[in-house]
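Asker:
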Amino acid sequence: PAAAAPRDIGAAVRAALAAARAVTGGRNADYIPYLADVPPELCGVAVVTADGTVDTAGDTGYGFAIESISKVMTLALVMEEIGPEAVRDRIGADPTGLPFNSVIALELHDGKPLSPLVNAGAIATASLVPGATAEEKWRRILAFQSKMAGTGIRLSQEVNRSEQTTNFHNCAIAWLLFSAGALEGDPLVALDVYTRQCSTLVTCSDLAMMGATLANGGVNPATGERVIRAQNVPHILAEMMMEGLYTASGDFAFTVGLPGKSGVGGGIMAVAPGDLAIATFSPPLDDAGNSVRGLVAIAELAKSLNLNIFRG
Ligand code: GLN
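What the sequence shown shows, in mature numbering (1 follows the signal peptide of the UniProt record, and there is no 0), is residues -4 to -1, 1 to 308, in sequence order.
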């Protein structure tokens, strides 16, 4: 048979952006006041390969709130520190089948959050970040996000203020975790650190590089730094496949077949292991909390670049 034509990733990225821009519908998240005011027409697509080639189209330089995608970085950080088995014992490794901020999963499983990629599990994971104070934990989280992105990631004071003054539901989750003995230390410290980790700004390009660090077995392809142990990467990707897109994770696995993680800021990061990472940004979300245009762009790319990991 003739050799496959070389992939034109740049053309695929531009086509995915065009397909995404043609889509309407969805609404910005508004339970965090800052997010309601981000221009909804913004749309960007970036791909970074495991060897560091970057292709972008659209609004890929706009800094948006990382939100839930930060759960992947904090999970990776804690896994480096305590190992994957301890993470599984303390947090769990199963989908909840419930919305990202559900408290019901905690009731059903004796206070065990099940997944580090939903709020309960993510707040419990944040409590396991080493450090005697919130500041110490926070410095480690910010440094880890920066190492994955290969650039200095910053906290947005504006996003953080908006979140810290409205995070009543997450505060309740933190106390429920505490009462079940599922959280290390002071629940308000875990909540503070978790809220800050959601309030950093990333561009689509940053996010694609973070994903490419996972696609490249834990080594940032731009800096060459090993950020995550190679043996931890499959555990992180498995969590993403099971719970990365909230209650739509099963649909995403069924249709796209890539581990991904979304955030209510409108970002989505998807990883084709050993090959590349995709990052998309567009604020309007569907009912599950996933970016409507981002889902379309990633589905397009998975098809045009033949990325479904179950294809074999
Ligand atoms: N900071 C947000 C929250 O905890 C992140 C949620 C998300 O992106 N799904 O509510």
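In this text, a Cβ means the ideal position worked out from N, Cα and C, and glycines have one as well.
Could you pull the start and end residues of the alpha helix (DSSP H) that Ala275 belongs to?
Answerer: Note, Ala275: premise wrong, no alpha helix (DSSP H); beta strand (DSSP E) at Leu272 to Phe277.
Asker: Between the C-alpha atoms of Gly240 and Pro255, what's the straight-line distance to the nearest angstrom?
Answerer: Taking the straight line from one Cα to the other gives about 7 Å.
Asker: Taking the C-alpha atoms as reference points, what is the distance between Ala33 and Phe277?
Answerer: Strictly speaking, residue 33 in this sequence is Asp, with Ala absent from that position. When rounded, the distance between both Cα atoms is 15 Å.
Asker: Between which two residues does the alpha helix (DSSP H) holding Gly290 run?
Answerer: Gly290 -> alpha helix (DSSP H) spans Val288 to Ser300.
Asker: Let me know if Asp188 comes out buried or exposed under the rule of 16 or more other beta-carbons within 10 Å of its beta-carbon.
Answerer: Looking at its Cβ environment, which holds 16 or more other Cβ atoms inside 10 Å, Asp188 is buried.
Asker: Is the beta carbon of Ala268 closer than 7 Å to that of Leu303?
Answerer: Taking 7 Å as the Cβ cut-off, Leu303 and Ala268 qualify as a contacting pair.
Asker: May I have a chain-ordered list of the beta strand (DSSP E) segments no shorter than 3 residues that lie completely inside the stretch 205 to 269?
Answerer: The qualifying runs are 256 to 258 and 263 to 268.
Asker: To the nearest angstrom, how far is it from the Cα of Asp47 to the Cα of Gly146?
Answerer: So the alpha carbons of these two residues sit roughly 14 Å apart.
Asker: Going by the C-beta, is Val260 closer than 6 Å to any heavy atom of the ligand GDP?
Answerer: Questions concerning the ligand GDP fall outside what the structure shown contains, since the ligands it does hold are the ligand GLN.
Asker: Which value, in whole angstroms, describes the spacing of the CA atoms of Gly21 and Ala128?
Answerer: So the two alpha carbons sit approximately 45 Å from each other.
Asker: Confirm, please, whether the CB-CB distance from Glu77 to Val260 is below 7 Å.
Answerer: Their beta carbons are not under 7 Å apart, which means Val260 does not touch Glu77 by this criterion.
Asker: Can you name the start and end residues of the alpha helix (DSSP H) that Leu138 belongs to?
Answerer: Residues Ala130 to Ala145.
Asker: Under the assumption that Val9 contacts Val288 (Cβ atoms under 8 Å), give the Cβ distance between them as a whole number of angstroms.
Answerer: At roughly 18 Å, the Cβ-Cβ gap does not stay under 8 Å, so Val9 and Val288 are not in contact.
Asker: Exposed or buried, Phe250, counting other C-beta atoms within 10 Å across all chains shown (16 or more means buried)?
Answerer: The residue is exposed, with fewer than 16 neighbouring Cβ atoms inside 10 Å.
Asker: Could you name the residues of the same chain whose beta carbon sits closer than 8 Å to that of Asn163, not counting the 5 residues immediately before and after it, in chain order?
Answerer: Excluding positions up to five away in sequence, the list reads Leu187 and Thr191.
Asker: For a test of the three-state rule: what should DSSP assign to Leu94, helix, strand or coil?
Answerer: Note: Leu94 maps to coil in three-state DSSP.
Asker: What is the rounded straight-line gap between the Cα of Ser175 and the Cα of Arg136?
Answerer: For Ser175 and Arg136, the distance between alpha carbons rounds to 26 Å.
Asker: Let me check one thing: in DSSP terms, what residues is Phe174 bridge-paired to?
Answerer: Answer is none; Phe174 lacks a bridge partner.
Asker: Hey, out of Leu233, Phe60 and Ala204, whose CA is closest to Asn156's CA?
Answerer: When only C-alpha atoms are compared, the closest one is Phe60.
Asker: At a cut-off of 6 Å, would you count Phe60 as near the ligand GLN, judging by its Cβ distance to the nearest heavy atom?
Answerer: Outside the cutoff, so no.
Asker: How should His165 be labelled, buried or exposed, when 16 other C-beta atoms within 10 angstroms of its C-beta is the threshold for buried?
Answerer: Per the 10 Å Cβ criterion, exposed.
Asker: What's the C-alpha gap between Phe96 and Val74?
Answerer: Roughly 20 Å separates the two Cα atoms.
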